[in-house]
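Residue 1 is where the sequence shown starts when you use this note's numbering, and the numbers rise one by one after that.
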Amino acid sequence: MTSTTTEIELPPAIAHKPGRASSAIAPQEISTGHVDHNDPEPPTNFVRARQRWNHPKSNISRVFSTFWSFVVMGANDAAYGALIPYLEKYYSLGYTVIALVFLSPFIGYTSAAALISRIHHRFGQRGIALIGPICHTITYIILCVHPPWPVVVIVCVLAGFGNGVLDAAWNTYIGNMANANEILGFLHGFYGLGATISPLIATSMITKGHLPWYSFYYLMICLGVIELGTAAVAFWSSTGKVFRDAQQVSAGSKSGSTRQVIRNQATWLCSAFLFVYVGVEVSLGGWIVTFMINVRSGTAFASGISAVGFWLGITVGRVILGFVTPRIYLLASMGLELLFWLVPHFLVSAIAVAFLGFFLGPLFPAVVVAAMKILPQHMHISAVGFASAFGGAGAAMFPFVVGAMAQAKGVTVLQPFILAMLGLDLVLWVLISRIPRTHHQD
């Protein structure tokens, strides 16, 4: 991974200006300069300026390739929920067994959490840009030939691993840039965009085009191939050596290993928050269609559109809402969840779930930004990578839990479960907000 900070040697008049430390200069206000990377010891009179999305110019293609990856990831995750009713019929399975399609990526996500630091160290961002899209593309090729159900479950592990490494790496890459709040909002907005168009296309193909469920994955193959090409070209020069050299300069002898960061309280609180939050997001997106068909008596197409409304709300919320008051967003989400649960009317439920997505949307990037402020820079890659992948594990586990409970009690269990998890996230955010912020990078 190429470091998103640039070392700048300041003239002595600036570096040693009486009464003002160089670290007090706002990084985004400093233009890029030159540093001799062959020198094992960086000069003492330099500060690190955060790179911008458009400077250096190579960042433009890199940032947009990360946006495309998040479109693919969103389309991948949201497709499961839209396809559940048709997978049930095709494979003649109940809720619990069908929900394995959510649970199996858990193995992939947890593997990504454990390996993300090593992948960066060995292969750099080039490795991430190849591994993630290849995992996606292979998964979609296998799914489009509609294999036996056990193969479907196993291959989703591969998709989970691809999502895990990309989620962790690109969140860290963007999160270390100048104006990270805004760019992270767009990054996660593109996830929401993919999640919005995915159920819409899948539902239309099946209900209007009368195509089998697996036809959707021909489209996903195309998206995966584009992802592989754009990411590989953009990050080809970001080798493991480039990453290791950048880490040595920016963090000196300090280490950001997974073993180190998991001893940090902030890492676990942020990870727990994302575990619950992403679990809530994907559980809602995954079971909305089934809930609206079976509980709100909606048609297949209208129920699919309600899922589109949810993901569209997430997309719009991430782009236009700030990340300053997650506590308010959580309270608003809980109120809308109560409305969704207690008013048994299809249209009211569809509108409530769209606004629920709107207020849920900013929470993921808000926690990434908070983690960047709480943790020293040398921990960012491992800590945010661990937390992001841990969140992906929630995306795998929670929808499975909902499916297992729905098998026994009916899909109405979705609403009280989601409300309880939102309350838990509110408690976790209060704890995160009380952790002192670091006032310097290391």
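Backbone N, C-alpha and C fix where the C-beta goes; we use that ideal spot for every residue, glycine too.
Going by DSSP, which residues form a beta bridge with residue i?
i: histidine 55; result: Arg52
What are the boundary residues of the alpha helix (DSSP H) that residue i is part of?
i: glycine 175; result: 149–175
i: isoleucine 374; result: 363–374
i: threonine 230; result: 216–235
i: glycine 313; result: 300–320
i: serine 92; result: Serine 92 -> no alpha helix (DSSP H), and no H or E assigned at all.
i: glutamine 377; result: Where glutamine 377 is concerned, there is no enclosing alpha helix (DSSP H), given that its DSSP letter is neither H nor E.
i: arginine 327; result: 326–342
i: methionine 421; result: 414–433
i: proline 105; result: 105–143
i: isoleucine 445; result: The chain is shown only over 1 to 442; residue 445 falls outside these bounds and no answer can be derived.
Check residue i in the structure and name its three-state DSSP category.
i: asparagine 179; result: coil
i: alanine 99; result: coil
i: serine 297; result: coil
i: proline 399; result: helix
i: histidine 210; result: coil
i: arginine 437; result: coil
i: isoleucine 197; result: helix
i: arginine 20; result: Caution applies to arginine 20, whose pLDDT of 34 falls short of 50 and renders its modelled position unreliable; the model cannot decide the point.
i: serine 204; result: helix
i: histidine 188; result: helix
i: asparagine 76; result: helix
i: glycine 410; result: coil
i: isoleucine 262; result: coil
i: serine 238; result: coil
i: glutamate 41; result: Here glutamate 41 scores only 48 on pLDDT, less than 50, and its place in the model is too uncertain to base an answer on.
Would the beta-carbon of residue i fall within 9 angstroms of that of residue j?
i: alanine 75; j: glycine 229; result: no
i: threonine 132; j: valine 242; result: Note on residue identity: the sequence assigns glycine, not threonine, to residue 132. No, these two residues do not count as a Cβ contact at 9 angstroms.
i: leucine 284; j: leucine 339; result: no
i: tyrosine 80; j: valine 101; result: yes
i: serine 111; j: phenylalanine 161; result: yes
i: tyrosine 277; j: glycine 175; result: no
i: isoleucine 206; j: phenylalanine 216; result: yes
i: valine 157; j: isoleucine 107; result: yes
i: alanine 99; j: glycine 403; result: yes
i: leucine 330; j: phenylalanine 359; result: yes
i: alanine 389; j: glycine 240; result: no
i: tryptophan 170; j: isoleucine 128; result: yes
i: alanine 231; j: serine 65; result: yes
i: threonine 267; j: alanine 396; result: no
i: phenylalanine 386; j: alanine 82; result: no
i: proline 199; j: valine 367; result: no
i: tryptophan 53; j: methionine 177; result: yes
i: phenylalanine 273; j: tryptophan 429; result: yes
i: valine 384; j: threonine 172; result: yes
i: glycine 304; j: alanine 202; result: yes
i: proline 326; j: proline 362; result: yes
i: phenylalanine 70; j: leucine 143; result: no
i: valine 411; j: phenylalanine 291; result: yes
i: isoleucine 432; j: cysteine 270; result: yes
i: leucine 445; j: glycine 192; result: Residue 445 lies beyond the stretch modelled for the chain, which goes from 1 to 442, so this question has no answer here.
i: serine 306; j: alanine 354; result: yes
i: isoleucine 233; j: serine 61; result: Note that residue 233 is valine in the sequence shown here, rather than isoleucine. Going by C-beta atoms, valine 233 is nearer than 9 angstroms to serine 61.
Only counting the same chain, and skipping five residues up and downstream in sequence, which positions put a Cβ closer than 8 angstroms to that of residue i?
i: valine 343; result: Ser349, Ala352
i: tyrosine 90; result: His146, Pro212, Trp213
i: serine 333; result: Leu356, Phe359, Leu360, Leu422
i: asparagine 264; result: Leu375, Met379, Ala383
i: leucine 424; result: Val276
i: arginine 122; result: Gly240
Excluding sequence positions up to five away, which residues of its chain have a Cβ less than 7 angstroms from the Cβ of residue i?
i: isoleucine 418; result: Val280, Ser283, Leu284, Glu337
i: arginine 437; result: Lys373, Ile374
i: arginine 126; result: Phe235, Trp236, Ser238, Thr239
i: glycine 224; result: Val72, Pro133, His136, Thr137, Tyr140
i: glutamate 443; result: Coverage of the chain is limited to positions 1 through 442, which leaves residue 443 absent and any answer about it impossible.
i: arginine 434; result: none
i: valine 152; result: Val101, Leu143
Excluding sequence positions up to five away, which residues of its chain have a Cβ less than 6 angstroms from the Cβ of residue i?
i: threonine 139; result: Val155, Leu158, Ala159
i: leucine 103; result: Ala396, Phe400
i: phenylalanine 346; result: Arg296, Gly298
i: valine 427; result: none
i: glycine 189; result: Thr315, Arg318, Val319
i: tryptophan 341; result: Gln415
Using 8 angstroms as the cut-off, classify the Cβ of residue i as near or not near the heavy atoms of the ligand NAD, replying yes or no.
i: valine 295; result: Looking at this structure, you won't find the ligand NAD or any other ligand, since it has none at all.
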